[in-house]
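Numbering (the UniProt record's numbering), first residue to last: 1 to 342.
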């Protein structure tokens, strides 16, 4: 069964929305871009296999602001041919190229692709596990106030049973940098500038070896057991000094799961792309809960936030595009691909 969700009526609403100027409402500067040429018609999500839907949303944020984005929901039980894939790029690529080249990896046909974890200077800074093998570990140290900090950050993964899990992860030195799950982000708190004096180990209370088949790291944790935990974990996972601007409205990417095991991917525009202000992390968590997520993790945002549809075209408008006519994609180090195998 194939579904299409964008019609001419929705197209008209979206075109009108482009005319509204929206920016960040936080302490950070508003992102205002000059009006560009008339946009092309909104991209159609394309045709998707049974069990996979892609829809566009427009949320009223109040005060004349709104957030526009796309949501993909995959029911892997309804269609056992659907797959959740974590993709590691030793050489960075743009999302549409990752999508186009995915079939060459013999992992099925790419249906939806989004950006995943954080990166710097071409290298991944987040956990990436594929085929049960750890390809990238999360950033084990950051510096805050001239102090070395050991952040325990969140990851989203799928176990060999097919179950999706979210955990706070640290790749411990005393067990060969294997990922261990912890019951919380432990004893760091950027609000109070209090931090652990040493990294967690495999012997830290609550530590459990985590062995997903596929996993992507990011952070902070947005939703845990159905509750919005975005703000507290923004500070506990030590992200405020890292540039993700969690309390302001920005382009965002997230991944989550519902109570009955459906996979949710979300990308929203911001910085006035298509008239969209974006979400704060708390607003993003609320949106995911509205969509049915009981667990969810924030991924890299800003100019990296991109969703590619089944036809290989970018659905949203990444903020690096500005007022240009042609979509500008940012190269990334890790990605999530929903695929269908034969």
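For glycine and all other residues, C-beta sits at the position ideal for the given N, C-alpha and C.
CB of residue i within 7 Å of CB of residue j, strictly
| i | j | result |
| --- | --- | --- |
| residue 338 | residue 112 | yes |
| residue 223 | residue 293 | yes |
| residue 251 | residue 305 | yes |
| residue 210 | residue 185 | no |
| residue 188 | residue 195 | yes |
| residue 155 | residue 127 | yes |
| residue 117 | residue 213 | no |
| residue 68 | residue 248 | no |
| residue 182 | residue 162 | no |
| residue 142 | residue 152 | no |
| residue 92 | residue 331 | yes |
| residue 59 | residue 310 | no |
| residue 273 | residue 114 | no |
| residue 79 | residue 51 | yes |
| residue 246 | residue 281 | yes |
| residue 301 | residue 253 | yes |
Span separating the alpha-carbon of residue i from that of residue j
| i | j | result |
| --- | --- | --- |
| residue 75 | residue 267 | 18 Å |
| residue 191 | residue 244 | 15 Å |
| residue 226 | residue 257 | 10 Å |
| residue 231 | residue 95 | 29 Å |
| residue 82 | residue 341 | 7 Å |
| residue 145 | residue 54 | 43 Å |
| residue 319 | residue 235 | 25 Å |
| residue 25 | residue 108 | Any reading at residue 25 must be qualified, since the residue scores a pLDDT of 35, below 50, and its modelled position is unreliable; the value itself is stated next. Distance between the alpha carbons of residue 25 and residue 108 is about 42 Å. |
| residue 295 | residue 104 | 32 Å |
| residue 37 | residue 328 | Because the pLDDT at residue 37 is just 39, under 50, the model does not fix this residue reliably, and the point stays unresolved. |
| residue 289 | residue 61 | 16 Å |
| residue 271 | residue 303 | 9 Å |
| residue 23 | residue 160 | Any reading at residue 23 needs caution, since the residue's pLDDT is 37, under 50, leaving its predicted position unreliable; the model's value is listed next. Each residue's Cα considered, the two are about 42 Å apart. |
| residue 336 | residue 102 | 11 Å |
| residue 89 | residue 140 | 20 Å |
| residue 228 | residue 136 | 28 Å |
| residue 283 | residue 298 | 12 Å |
| residue 64 | residue 278 | 13 Å |
| residue 99 | residue 315 | 13 Å |
| residue 124 | residue 237 | 17 Å |
| residue 171 | residue 178 | 5 Å |
| residue 326 | residue 269 | 16 Å |
| residue 264 | residue 72 | 6 Å |
| residue 345 | residue 218 | This structure cannot settle anything about residue 345, because the visible part of the chain is limited to 1 through 342. |
| residue 49 | residue 175 | 41 Å |
| residue 87 | residue 147 | 33 Å |
| residue 70 | residue 198 | 40 Å |
| residue 201 | residue 221 | 21 Å |
| residue 119 | residue 255 | 17 Å |
| residue 30 | residue 240 | With a pLDDT of 39 at residue 30, under the threshold of 50, the modelled position of that residue is not reliable, and no figure is offered here. |
| residue 110 | residue 193 | 43 Å |
| residue 286 | residue 259 | 16 Å |
| residue 158 | residue 77 | 13 Å |
| residue 204 | residue 138 | 18 Å |
| residue 375 | residue 56 | No answer is possible for residue 375: the residues shown for the chain start at 1 and end at 342. |
| residue 242 | residue 106 | 36 Å |
| residue 321 | residue 233 | 30 Å |
| residue 134 | residue 66 | 39 Å |
| residue 122 | residue 208 | 30 Å |
| residue 317 | residue 97 | 16 Å |
Residues bridged to residue i [DSSP beta-bridge criterion]
| i | result |
| --- | --- |
| residue 171 | 179 |
| residue 127 | Partner(s): none; residue 127 has no beta bridge. |
| residue 201 | None; residue 201 has no bridge partner. |
| residue 158 | 164 and 214 |
| residue 189 | 194 |
| residue 140 | Partner(s): none; residue 140 has no beta bridge. |
| residue 149 | 142 |
Self-check item: Continuous alpha helix (DSSP H) assignments of at least 4 residues falling wholly in the UniProt domain "Phosphodiester glycosidase" (203 to 338)
Solution: 230 to 236 and 281 to 290
Quiz item: Which ranges would you report for the beta strand (DSSP E) in the segment 48 to 136 if only whole runs of at least 3 residues count?
Solution: 52 to 62, 65 to 74, 82 to 93, 109 to 115, 128 to 130 and 133 to 136
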